[in-house]
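Below: one structure, written as structure tokens.
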Amino acid sequence: MTSSSTNALVLFAHGARDPRWAAPFERLQQLAQAQMPGVGVHLAYLELMEPRLPDTVARLALEGCKQVTIVPVFLGQGAHVLRDLPLIIEQLQFDHPEVDVAVAGAVGEDPHVLGAIARYCVGAVGTVPICPPL
């Protein structure tokens with residue numbers, strides 16, 4: 328986050344045991360940061376990876392951030408987005424009342440994102456090697 332910014336964007340992902348899993352999320356963070364040079368763009372995870380969402384928001388609050396927008400980088404509104412995330416947000420609002428926390432819908436619920444994924448899938452037909460039977 329830039330020292331003068333009071334806003335932050337947090338890309339919230341599940342996390343995985345294999346650190347290579349995070350590579351596309353790190354690229355997404357870089358792409359978003361390039362489009363928002365005056366706003367800090369951060370990654371945070373639900374589990375299995377660091378930093379976790381509560382740690383990220385706590386650090387941002389200490390740095391003087393007043394507005395945090397959390398975007399769940401999940402394809403759908405499953406249990407983590409519908410059950411786990413609201414509990415985390417409730418605790419964050421209790422722990423950091425000075426920070427306004429906004430939560431977007433899961434990225435996979437957005438029609439533009441779904442359209443981009445569909446275009447990718449359709450474009451893959453006939454362009455990827457056929458796998459031999461297992």
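Just so you know, we're using the working numbering here: the sequence shown kicks off at 328 and counts up by one.
For every residue, glycine included, the Cβ atom is placed at its ideal position computed from N, Cα and C.
Since we're looking at a predicted model, the values are computed, not measured.
Please report how far the alpha carbon of residue i lies from the alpha carbon of residue j, in whole angstroms.
| i | j | result |
| --- | --- | --- |
| Ala451 | Gly342 | 27 Å |
| Leu402 | Met376 | 19 Å |
| Val430 | Pro459 | 43 Å |
Thinking C-beta only, is residue j closer than 8 Å to residue i?
| i | j | result |
| --- | --- | --- |
| Val400 | Ala340 | yes |
| Val428 | Leu441 | no |
| His439 | Val384 | no |
| Gln404 | Glu425 | no |
If you drop the 5 nearest sequence neighbours on each side, which residues of the same chain put their C-beta closer than 8 Å to that of residue i?
| i | result |
| --- | --- |
| Ala335 | Met328, Val366, Gly367, Val368, His369, Leu387, Cys392, Gln394, Val395, Thr396 |
Give the single residue among the options whose Cα lies nearest to the Cα of residue i.
| i | options | result |
| --- | --- | --- |
| Leu373 | Ala443, Leu414, Asp437 | Leu414 |
| Arg379 | Pro364, Asp411, Gly403, Phe421 | Asp411 |
| Leu338 | Thr454, Asp345, Gln360 | Gln360 |
Using the three-state DSSP reduction, which class does residue i fall into: helix, strand or coil?
| i | result |
| --- | --- |
| Phe352 | helix |
| Phe339 | strand |
| Val366 | coil |
| Thr333 | coil |
| Val398 | strand |
Return the chain-ordered list of same chain residues with a C-beta closer than 7 Å to the C-beta of residue i, the five sequence neighbours on each side being excluded.
| i | result |
| --- | --- |
| Ser330 | The pLDDT assigned to Ser330 is 44, lower than 50, so where the model puts this residue is not dependable; a value taken from the coordinates is nonetheless given after this. Result list for Ser330: empty, nothing under 7 Å. |
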